[in-house]
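*Asks:* Start counting the sequence shown at 1; every next residue gets the next number (full-length UniProt numbering).
For reference, the structure I am asking about is given below.
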Amino acid sequence: MAAPEGRVVSRPQRLGQGSGQGPKGRGACLHPLDSLEQKETQEQTLGQLDMLRKAQEFFQTCDAEGKGFIARKDMQRLHKELPLSLEELEDVFDALDADGNGYLTPEEFTTGFSHFFFSQNNPSQEDAGEQVAQRHEEKVYQSRGNEDLGDMGEDEEAQFQMLMDRLGAQKVLEDESDVKQLWLQLKKDEPHLLSNFEDFLTRIFSQLQEAHEEKNELEYALKRKIAAYDEEIQHLYEEMEQQIKSEKEQFLLKDTERFQARSQELEQKLLCKEQELEQLTQKQKRLEGQCTALHHDKHETKAENTKLKLTNQELARELERTSWELQDAQQQLESLQQEACKLHQEKEMEVYRVTESLQREKAGLLKQLDFLRERNKHLRDERDICFQKNKAAKANTAASRASWKKRSGSVIGKYVDGRGILRSQSEEEEEEVFGIPRRSSLGLSGYPLTEEEPGTGEPGPGPYPRPLRRIISIEEDPLPQLLDGGFEQPLSKCPEEEEVSDQGVQGQIQEAPPLKLTPTSPRGQPVGKEALCEEESSPSAPDRLFKIVFVGNSAVGKTSFLRRFCEDRFSPGMAATVGIDYRVKTVNVDDSQVALQLWDTAGQERYRCITQQFFRKADGVIVMYDLTDKQSFLSVRRWLSSVEEAVGDRVPVLLLGNKLDNEKEREVPRGLGEQLAKDNNLIFYECSAYSGHNTKESLLHLARFLKEQEDTVREDTIQVGHPAKKKSCCG
Ligand SMILES: Nc1nc2c(ncn2[C@@H]2O[C@H](COP(=O)(O)OP(=O)(O)OP(=O)(O)O)[C@@H](O)[C@H]2O)c(=O)[nH]1
Ligand SMILES: [Ca+2]
Ligand SMILES: [Mg+2]
């Protein structure tokens, strides 16, 4: 501040000196008071100019960079040079910055500076005497100037305005009052200087104008620069922003994509996990259900188990008890079976003994019968003599002889009924239906029997007594009755015996002397006896006994077959069986003695009812047909059905086709017999009583079968709970 102040101080001096040295020397020619006033005005104008100059200098000092304006910072830089504090400098700046835009234009600065300068320095300048004096002078100048101005005419005003316009001062000066005053002063005081002043002003103003224009240009350039700069910055900024934005967007896009992909992936994973979870949940539920069910089942099973255990225990106890009982029962059964077996054996032996004794009795009775027949013949002969004496009819004798050639039928009927020889002619005819003339097996009719020996064919001469055969009219098996105790009683008391005795035979027997009449022919021999004779030769007693019943049409050869089997003999022209007959034969079957009780039935129709009775007690049945007689084969079915009617199918049946020796007269082919046997489950043989072919074989077959069947039944009976089964005969 020292320099400007110095300059400020020195200027008025120079101006004063200059003015003092001016060519006009106005003070010398003016009034001393006027000259003083003039002096003061001059000083004032000079002071103002000086101040303006000083202000410009100060401005340039402040605007060191030459910007054309002073910023707050520029002012603050003066802090070191001026004896003012920063606050005071601030105040100065604020005071100078009239429009408050933050920088000081040269105009603002100059105007403000002058104002500030005076207002600041006025009260406090005591030491600077020059300054005070100057200021005082200025004041005086100003007040005088103002007074002058008041007096200024309109012409001068116009003149000044013209000058101003010419100078273009309006553009440079804001307040032209100072210049005006100065101009007026000059015009008034020193008009000759006016032109110089005007030139000076012109120069100044032109310089100012130039400076101003320069400044404006600079400002404009600066503004443009700033604008360009701003624009560039803006552009850069925008570009940057754009870039940032795109970068951001790209980043965001990428990020979003990545995020989306990631989120999709995660979503899928989540979905998978959820599904898994759901599955697991379902599984768990199912397992829980199963668990519950199992639990429930377990409980139930436990309960059931307990129940079953209890039941089991009970059953075990019961089983134990039952097994004990069963053992007891088995023991009892065993003992009973043993007993039964013993009883059975005993019974069989008894039967055997009884049969034996019966045969003996039968033989005795047959002998008696023979005797009675003889007696009868004797009586008849006597009567015949009488009859011949009375009529002497030769033709009659011949006819009766011819009738004896035929086989008589039911002789027993005549015998029992007491009709004797008054046999009806119809019966004779009936017998002839068989085609073979047959004789009665019992010659009770009183007629002499034909000679049995083949070849003779002629009725034997009278003197030989005919062998008698006994009729056994048994409706039931007589053996049990005998077993009951009576078998040792006298023969006369047997039921059959009594029956016979009813007919007055017994009486005759008892009365008759024991004649030793033996049959002249073997045919007359009692069958039972003959069989017995053979049995007596049997080395040992039989183990068991079977009852076998022989059936078949008349003359098929039943009796002949039995004879062949028991005696191994054949007698042609065998008499027809009357009622029933039997033989006993013991055979050896697989190391055991088997007694066969063979019941020979009469084939003739009239005895059928008797025959039927015997099936019931039979162990086996033999049905015989004559293979040379078709009719006898056709009757087999009838015989089988009557057997079945009586005993069912429990007894084995042997089917025999007899007279195999007479092949040329065969009427029944073997195949038919076989087929019939197969159809009815029968044992089948073709045999010949004449030749003996298959007689033993067939009967042994049946005997073996019976034995085996019995053995099986015995075994089955011992084994509890196994019912006996009927064995197949064919097997
Ligand atoms: N050629 C031949 N003739 C036989 C055979 N068997 C029996 N005859 C004869 O046939 C006839 C009848 O024989 P029987 O044995 O009495 O017949 P049957 O079956 O006992 O007759 P009924 O007692 O009336 O039921 C007799 O004349 C026998 O000689 C045989 O195998 N061959
Ligand atoms: Ca300003
Ligand atoms: Mg016979």
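Glycine is no exception: its CB is placed at the ideal position from the N, C-alpha and C atoms.
Small disclaimer: the values here were computed from a predicted structure and weren't measured.
Contact check, Asp-600 vs Leu-562 under 8 Å by CB: the rounded distance?
*Replies:* Walking along the sequence shown from the start, residue 600 turns up at place 600. Walking along the sequence shown from the start, residue 562 turns up at place 562. Indeed, because the Cβ distance is near 5 Å, the residues count as touching under 8 Å.
*Asks:* Whose CA, out of Ile-244, His-235, Glu-334, Thr-105, lies closest to the CA of residue 797?
*Replies:* The question about residue 797 has no answer, for the chain in this structure spans 1 to 731.
*Asks:* Can you tell which of Phe-614, Gln-612, Glu-645, Arg-666 has its C-alpha closest to the C-alpha of Asp-626?
*Replies:* Locating residue 626 in the sequence shown gives position 626, where the first residue counts as 1. Here the closest residue by C-alpha is Arg-666.
*Asks:* Just to confirm before moving on: does the CB-CB distance between Ala-689 and Asn-658 stay below 7 Å?
*Replies:* In the sequence shown, residue 689 corresponds to position 689, counting from 1. In the sequence shown, residue 658 corresponds to position 658, counting from 1. The answer is yes: Cβ separation under 7 Å.
*Asks:* If you count every other CB in all the chains shown that lies within 10 Å of the CB of Cys-62, and 16 or more means buried, which is it?
*Replies:* As a first step, residue 62 must be located in the sequence shown, where it is residue number 62. Classification for Cys-62: buried.
*Asks:* Where does Glu-686 sit, in a helix, a strand or coil, going by DSSP?
*Replies:* Within the sequence shown, the letter at position 686 stands for residue 686. DSSP places Glu-686 in strand when its eight states are reduced to three.
*Asks:* With which residues is Thr-586 paired in a DSSP beta bridge?
*Replies:* Position 586 of the sequence shown, counting from 1, holds the residue named residue 586. Looking at the DSSP assignment, Thr-586 forms a beta bridge with Ala-595.
*Asks:* Looking only at C-alpha atoms, which of Ala-363, Gln-60, Lys-80, Tyr-237 sits nearest to Glu-107?
*Replies:* Counted from its first residue, the sequence shown places residue 107 at position 107. Of Ala-363, Gln-60, Lys-80, Tyr-237, the residue nearest in Cα terms is Gln-60.
*Asks:* Cβ of Thr-611 versus every heavy atom of ligand 3: is any distance shorter than 6 Å?
*Replies:* Position 611 of the sequence shown, counted from the first residue, corresponds to residue 611. No - ligand 3 has no heavy atom lying nearer than 6 Å to the Cβ of Thr-611.
*Asks:* Alpha helix (DSSP H) containing Asp-629: first to last residue?
*Replies:* Position 629 of the sequence shown holds residue 629. Neither: Asp-629 is in no alpha helix (DSSP H) and is coded neither H nor E.
*Asks:* Would you decide whether Tyr-237 is buried or exposed? Buried here means 16 or more other CB atoms lie within 10 Å of its CB.
*Replies:* On the sequence shown, position 237 is the one that residue 237 refers to. The residue is exposed, with fewer than 16 neighbouring Cβ atoms inside 10 Å.
*Asks:* Buried or exposed for Cys-272, please, with buried defined as at least 16 other CB atoms from any protein chain shown within 10 angstroms of its CB.
*Replies:* Here residue 272 refers to the residue found at position 272 when the sequence shown is read from its first residue. Cys-272 comes out exposed.
*Asks:* Hey, is the stretch 669–685 in contact with the stretch 565–578, meaning 3+ C-beta pairs nearer than 8 Å?
*Replies:* Judged by Cβ distances under 8 Å, the stretch 669–685 makes no contact with the stretch 565–578, as fewer than three pairs qualify.
*Asks:* So Val-556 packs on Ser-632, CB below 8 Å; how close in whole Å?
*Replies:* Position 556 of the sequence shown, counted from the first residue, corresponds to residue 556. Position 632 of the sequence shown, counted from the first residue, corresponds to residue 632. Going by Cβ atoms, the distance from Val-556 to Ser-632 rounds to 5 Å, so yes, they are a contact pair.
*Asks:* Below 6 Å, is the gap between the Cβ of Lys-678 and the nearest heavy atom of ligand 3?
*Replies:* By one-based count along the sequence shown, residue 678 stands at place 678. Outside the cutoff, so no.
*Asks:* Do Ser-554 and Ala-576 have their beta-carbon atoms positioned less than 7 Å apart in this structure?
*Replies:* Within the sequence shown, the letter at position 576 stands for residue 576. Within the sequence shown, the letter at position 554 stands for residue 554. Going by C-beta atoms, Ala-576 is nearer than 7 Å to Ser-554.
*Asks:* State yes or no: is the C-beta of Lys-659 nearer than 6 Å to some heavy atom of ligand 3?
*Replies:* For the purposes of this step, residue 659 is taken as the residue at position 659 of the sequence shown. No, ligand 3 has no heavy atom inside 6 Å of this Cβ.
*Asks:* Looking at Ser-357 and ligand 1, is the gap between the Cβ and the nearest heavy atom below 6 Å?
*Replies:* Your numbering for residue 357 matches position 357 in the sequence shown. Not under cutoff, so the answer is no.
*Asks:* Taking Cβ positions, are Val-623 and Val-636 nearer each other than 7 Å?
*Replies:* Sequence index remark: in the sequence shown, residue 623 carries index 623 (1-based). Sequence index remark: in the sequence shown, residue 636 carries index 636 (1-based). Cβ atoms of Val-623 and Val-636: closer than 7 Å.
*Asks:* Measuring alpha carbon to alpha carbon, tell me which of Thr-355, Val-621, Ile-580 ends up nearest Ile-548.
*Replies:* On the sequence shown, position 548 is the one that residue 548 refers to. Comparing Cα-Cα distances from Ile-548 to each of Thr-355, Val-621, Ile-580, the minimum goes to Val-621.
*Asks:* Give the single residue among Asp-97, Asp-661, Glu-663, Gly-112 whose Cα lies nearest to the Cα of Gln-56.
*Replies:* Here residue 56 refers to the residue found at position 56 of the sequence shown. Measuring from the Cα of Gln-56, the nearest candidate turns out to be Gly-112.
*Asks:* Helix, strand or coil: how does DSSP classify Arg-650 here?
*Replies:* Mapped onto the sequence shown, residue 650 falls at position 650. Reduced to three states, the DSSP call for Arg-650 is coil.
*Asks:* Would you mind sorting Ile-233 into buried or exposed? The rule is 16 or more other CB atoms within 10 Å of its CB.
*Replies:* Within the sequence shown, numbered from 1, the residue matching residue 233 stands at position 233. Looking at its Cβ environment, which holds fewer than 16 other Cβ atoms inside 10 Å, Ile-233 is exposed.
*Asks:* Expressed to the nearest angstrom, what Euclidean distance is found between the alpha-carbon atoms of Thr-712 and Leu-369?
*Replies:* Taking the first residue of the sequence shown as 1, we reach residue 712 at position 712. Taking the first residue of the sequence shown as 1, we reach residue 369 at position 369. Using only the alpha carbons, I get a separation of about 45 Å.
*Asks:* Note down the Cα distance separating Gln-242 from Lys-248, rounded to an integer number of angstroms.
*Replies:* Taking the first residue of the sequence shown as 1, we reach residue 242 at position 242. Taking the first residue of the sequence shown as 1, we reach residue 248 at position 248. Approximately 9 Å between the Cα atoms of the pair.
*Asks:* Between the Cα of Leu-634 and those of Gly-552, Thr-611, Thr-695, spot the shortest distance and give me the residue it belongs to.
*Replies:* Numbered from 1 along the sequence shown, position 634 holds the residue referred to as residue 634. Comparing Cα positions, the closest option is Gly-552.
*Asks:* Can you give me the C-alpha to C-alpha distance between Arg-258 and Thr-281, rounded to a whole angstrom?
*Replies:* Working through the sequence shown from its first residue, we reach residue 258 at position 258. Working through the sequence shown from its first residue, we reach residue 281 at position 281. Answer to the nearest angstrom: the Cα atoms are 33 Å apart.
*Asks:* Could you give the residue range of the alpha helix (DSSP H) that holds Val-179?
*Replies:* Walking along the sequence shown from the start, residue 179 turns up at place 179. Where Val-179 is concerned, the enclosing alpha helix (DSSP H) stretches over 177–189.
*Asks:* Could you give the distance in angstroms between the alpha-carbon of Phe-200 and the alpha-carbon of Arg-224?
*Replies:* Start at 1 with the first residue of the sequence shown, and residue 200 comes out as number 200. Start at 1 with the first residue of the sequence shown, and residue 224 comes out as number 224. Distance between the alpha carbons of Phe-200 and Arg-224 is about 34 Å.
*Asks:* Considering only DSSP beta bridges, list what Asn-196 is partnered with.
*Replies:* Taking the first residue of the sequence shown as position 1, residue 196 is located at position 196. Per DSSP, none; premise fails for Asn-196.
*Asks:* Going along the chain, which unbroken runs of the alpha helix (DSSP H) with 4 or more residues stay wholly within the stretch 260–289?
*Replies:* List check, alpha helix (DSSP H) in window: nothing returned.
*Asks:* In this structure, how does DSSP classify Gly-129 when only helix, strand and coil are distinguished?
*Replies:* Locating residue 129 in the sequence shown gives position 129, counting from the first residue. Legend: pLDDT at Gly-129 = 44, less than 50; position of this residue unreliable, value from coordinates given subsequently. Three-state result, Gly-129: helix.
*Asks:* Find the nearest neighbour of Gln-181 within the set Glu-710, Thr-45, Glu-350, judged by alpha-carbon distance.
*Replies:* Your numbering for residue 181 matches position 181 in the sequence shown. Ranking the options by Cα distance to Gln-181, first place goes to Thr-45.
*Asks:* Assuming Val-594 and Asp-543 make a contact with CB atoms under 8 Å, what is their CB distance in whole Å?
*Replies:* Taking the first residue of the sequence shown as 1, we reach residue 594 at position 594. Taking the first residue of the sequence shown as 1, we reach residue 543 at position 543. Indeed they touch by this definition, with Cβ atoms about 7 Å apart.
*Asks:* According to DSSP, is Asn-658 helix, strand or coil?
*Replies:* Walking along the sequence shown from the start, residue 658 turns up at place 658. Strand.
*Asks:* Taking 6 Å as the cut-off, does the CB of Lys-558 come closer than this to any heavy atom belonging to ligand 3?
*Replies:* As a position in the sequence shown, residue 558 is number 558, starting the count at 1. Result yes, Cβ under 6 Å from ligand 3.
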